[in-house]
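In the numbering used here, the protein residues as written are 121 to 383. Cβ coordinates follow ideal geometry from the N, Cα and C atoms, glycine included.
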């Protein structure tokens, strides 16, 4: 069982796309100071690593020691293993003191959280009134018409029974997720904003690794079900190779909710 989780964490780290520089510049432009950022549910540290050149210090937390094992190491990032729920005392010990954080980020993880409890902690650590929270998600990679058609069939039939309810908030592009914060300067709402797209060069093995790193695939695997059957593997192979290009640019549209804490 432990080996499986190590493998999943490694797959997750290898499969995630990198963020464009302008994405974090946009978020950082909404924080008055760039002293301290807290990246929650950091996973393998993609967001934390992108924050590190902008913020003096980054605290990156996760509840999974295996995810943190594969996290990107930089001198101004402090990785911290935390319990799934923290008291205010634990929050102060593990993360930061009251009203000391300029930015809280949550990359593709907000839908898993106990939101009332988490938002209470966010409002406690953020500097008032202009401390910023930014949460975003992206969905499955978009490749081309042929590959996407095979994936749609795979996802709607074989994958569907193993999906947990919360990731359906991702399908809804975080439009319906609770987000009780004020609009940041320059916009009149908290989103979701969709002007950013992540890209990652993938071959077929990379694409299948992304599928295998998903929660639904892991749920099926734990139950003894292999979703990527020989039939689907062949369909993906034919679709992938139909244009004669082994490497393709996968696109991940990002849906961003951003707000400030207020008074």
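Residue i, enclosing beta strand (DSSP E) - first and last residue
i: residue 199; result: 197-201
i: residue 253; result: 252-258
i: residue 227; result: 223-227
i: residue 377; result: 368-380
i: residue 320; result: 317-322
i: residue 138; result: Premise fails: residue 138 is in no beta strand (DSSP E) and is neither H nor E.
Heavy atom of the ligand SAM within 7 Å of residue i beta-carbon
i: residue 307; result: Only the bare structure without any ligand can be found here, which leaves the ligand SAM out of the picture.
Residue i vs residue j beta-carbon contact at 8 Å
i: residue 318; j: residue 231; result: no
i: residue 323; j: residue 366; result: yes
i: residue 194; j: residue 227; result: no
i: residue 234; j: residue 205; result: yes
i: residue 164; j: residue 190; result: yes
i: residue 259; j: residue 291; result: yes
i: residue 316; j: residue 369; result: no
i: residue 282; j: residue 339; result: yes
i: residue 355; j: residue 270; result: yes
i: residue 147; j: residue 254; result: yes
i: residue 272; j: residue 138; result: no
i: residue 155; j: residue 176; result: yes
Distance between beta carbons of residue j and residue i, contact taken as under 8 Å
i: residue 223; j: residue 157; result: 4 Å
i: residue 380; j: residue 250; result: 5 Å
i: residue 248; j: residue 383; result: 6 Å
i: residue 377; j: residue 256; result: 7 Å
i: residue 215; j: residue 242; result: About 10 Å separates the two Cβ atoms, so there is no contact after all.
i: residue 221; j: residue 150; result: Their Cβ separation, rounded to whole angstroms, is 14 Å, which puts residue 221 and residue 150 out of contact at 8 Å.
Span of the alpha helix (DSSP H), counted from its first residue to its last, around residue i
i: residue 158; result: Not the alpha helix (DSSP H): residue 158 falls in the beta strand (DSSP E), residues 156-160.
i: residue 242; result: 235-245
i: residue 177; result: It is not in any alpha helix (DSSP H) - residue 177 instead sits in the beta strand (DSSP E) that spans 177-182.
i: residue 209; result: 208-214
i: residue 311; result: Residue 311 -> no alpha helix (DSSP H), and no H or E assigned at all.
i: residue 336; result: 335-342
i: residue 266; result: 265-273
i: residue 166; result: 166-171
i: residue 187; result: 185-189
Status (buried if at least 16 other CB within 10 Å, exposed otherwise) for residue i
i: residue 349; result: exposed
i: residue 343; result: exposed
i: residue 208; result: exposed
i: residue 360; result: buried
i: residue 162; result: buried
i: residue 337; result: buried
Chain B within 8 Å of residue i, Cβ atoms only
i: residue 191; result: Absence of chain B from the displayed structure is noted, only one protein chain being present.
**OP:** Check whether the stretch 200-208 touches the stretch 264-273, counting contact only when three or more Cβ pairs, one atom from each stretch, lie closer than 8 Å.
**Re:** no
Original post:
Are the stretch 324-339 and the stretch 289-300 touching by the rule of at least three beta carbon pairs closer than 8 Å?
Top reply: no
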